[in-house]
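Undergrad: Sharing a structure below in structure tokens format, with a few things to ask.
There are 2 protein chains.
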Amino acid sequence: MTIPEAKDRFIEAWGAFGSAWGINRSMAQVHALLLISHDPLSTEDVMEQLNISRGNANMNLRALIDWSLVRRVLKPGERREFFEAEKDVWKVATHITRERKKRELEPLIRLLDELEDIPGATPEAKSFKKMTRDLHDLTTRLDTLLDHSTRRDVQWFVKAATTLLK
Amino acid sequence: MTIPEAKDRFIEAWGAFGSAWGINRSMAQVHALLLISHDPLSTEDVMEQLNISRGNANMNLRALIDWSLVRRVLKPGERREFFEAEKDVWKVATHITRERKKRELEPLIRLLDELEDIPGATPEAKSFKKMTRDLHDLTTRLDTLLDHSTRRDVQWFVKAATTLLK
DNA sequence: TAATAGTTTCAGTATTATTTGAAACATTGA
DNA sequence: TCAATGTTTCAAATAATACTGAAACTATTA
């Protein structure tokens, strides 16, 4: 397999992976393209290489910047903007999970919080309350964890856990 | 808020949460409904309570069983099947991540594996190879971790990490 | 300030994913 | 065996989501 072929395969796979996890295919593909590009790319480069429209490229580049996965880069003497991806995969993983935690985990926690103190003592009610309480625990812990974890910690944990569990 | 209202809100929220993470809304809602039900439910119960068709209910119940999140239950003297959810949230979390790892993480690892030994020494090629190597490391570690983690370990980790990071 | 280069927006269109419902299939027990 | 009850499948309909492309907008430079 040649490098260009490999790149295509990677872009495709990253797109499929993202889309299975609720990140739209184009966004994941733009991200993949920037991840594997040595130099920053312009909007036009992205459009050409992925065969997508200007609007689509622009939208997804903005979204990626919003998620802190991509940075704007200015080349001296060039008027238009270029884009490059954060290449540190740990940072990428952390940013993605934090961003999503904020958007999707926090609303869930807030709801579970509310549901905590509902009256009722039937078996049904008890069962419901135990469920939400447990879920609340789990999500809160995940939340705290994501809030506090840094690259060093994650590395420490992965090392510790894999050693321990081998 | 009354218990029935709370249940509806929970089902809705769990559905939205799931759908943000690439699990279809109905599947998440069926799961939510079973999670908060004290007794096992029949296909009909699920259809009625969620206002979904028989086909949909059936498909998603099967999918949930496939993911080990739901069990078939037989009531003595009853012909039809009933369903109940695994209520241990740790187990639920583990099952979900394992299932998805198998379906989406493993193909990605396989690809990255292949991409590892591609020839080429241009800066572009080097940059590409570093990227895929790093990603491979990250995904492999996640993979190992998910493979080996059990409830006890996760609890240990959460405790250790939250203490450590406070 | 006018021309040019570059960026963003958004209504319409296309694509993909989900859901329905009816027919086929399976199982039970009279 | 055959009706009755319950389950599964799947093609078609619907709904949700993403994408396009052209127009509007903004910034830059001559």
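Protein sequences appear in the order of chains B and P.
Residue numbering for the first sequence follows this note's numbering, beginning at 1 and increasing consecutively.
Residue numbering for the second sequence follows this note's numbering, beginning at 1001 and increasing consecutively.
The beta carbon of each residue, even a glycine, is placed where N, CA and C say it ideally should be.
These numbers were taken from a predicted model, which means no experiment stands behind them.
#1: Taking its Cβ as the centre, do 16 or more other Cβ atoms sit within 10 Å of ALA1121 of chain P, making it buried, or is it exposed?
#2: Candidates P:ASN1051, P:ILE1096 and P:LEU1112: which alpha carbon is nearest LEU1033 of chain P's?
#3: Interface residues of chain P around MET169 of chain B at Cβ under 7 Å?
#4: To which residues of the same chain is LYS1166 of chain P closer than 8 Å at the C-beta, ignoring the five residues directly before and after it?
#5: Just mark LEU1105 of chain P as buried or exposed, buried being the case when its beta carbon has 16 or more other beta carbons within 10 Å.
#6: Can you pull the chain P neighbours of GLU104 of chain B, defined as C-beta to C-beta under 9 Å?
#7: Tell me the DSSP secondary structure of SER127 of chain B in three-state form.
#8: In three-state terms, what does DSSP make of LYS166 of chain B?
#9: Between the stretch 82-98 of chain B and the stretch 1131-1139 of chain P, do three or more beta carbon pairs fall short of 8 Å?
#10: To which residues does DSSP link PHE82 of chain B through a beta bridge?
#11: Counting only beta-carbon separations shorter than 8 Å, does THR132 of chain B have a partner in chain P?
#12: How about the stretch 1055-1064 of chain P and the stretch 1005-1015 of chain P: do they share at least three Cβ pairs that are nearer than 8 Å?
#13: Are there 16 or more other CB atoms within 10 angstroms of the CB of SER1053 of chain P, so buried, or fewer, so exposed?
#14: Is it the case that the Cβ atoms of GLY1018 of chain P and TRP21 of chain B are separated by a distance below 8 Å?
#15: Can you tell me whether HIS1148 of chain P is buried or exposed, with buried defined as 16 or more other CB within 10 angstroms of its CB?
#16: If you drop the 5 nearest sequence neighbours on each side, which residues of the same chain put their C-beta closer than 6 Å to that of GLU1086 of chain P?
#17: Need the endpoints of the alpha helix (DSSP H) that THR1097 of chain P sits in, please.
#18: Please report the Cβ distance between SER1042 of chain P and GLU1084 of chain P, rounded to the nearest whole angstrom; I am assuming they are in contact, meaning their Cβ atoms lie under 8 Å.
#19: CB-CB under 7 Å to LEU1112 of chain P, same chain, minus the five flanking residues each way: which ones, in chain order?
#20: Starting from the beta carbon of LEU1033 of chain P, find every residue of chain B whose beta carbon is closer than 8 Å, and list them in chain order.
#21: Among B:ARG110, B:VAL30 and B:LEU35, which residue has its Cα nearest to the Cα of LYS1129 of chain P?
TA: Taking the coordinates as given:
#1: exposed
#2: P:ASN1051
#3: Nothing about residue 169 of chain B can be read from this structure; chain B reaches only from 1 to 166.
#4: Residue placement at LYS1166 of chain P is flagged as unreliable, the pLDDT there being 48, under the threshold of 50; the coordinate-derived value follows with that caveat. Nothing listed; no residue qualifies.
#5: buried
#6: ALA1016, PHE1017, ALA1020 and TRP1021
#7: helix
#8: Note that LYS166 of chain B scores a pLDDT of 48, beneath 50, so its modelled location is shaky; the value from the coordinates is reported in the next line. Reduced to three states, the DSSP call for LYS166 of chain B is coil.
#9: yes
#10: B:SER42 and B:VAL73
#11: yes
#12: no
#13: exposed
#14: no
#15: exposed
#16: LEU1069 and VAL1092
#17: 1089-1100
#18: Between GLU1084 of chain P and SER1042 of chain P the Cβ distance is about 11 Å, and since that is not below 8 Å, they are no contact.
#19: THR1132, LEU1135, HIS1136 and THR1139
#20: Here the premise fails: no neighbours, minimum Cβ distance about 11 Å.
#21: B:LEU35
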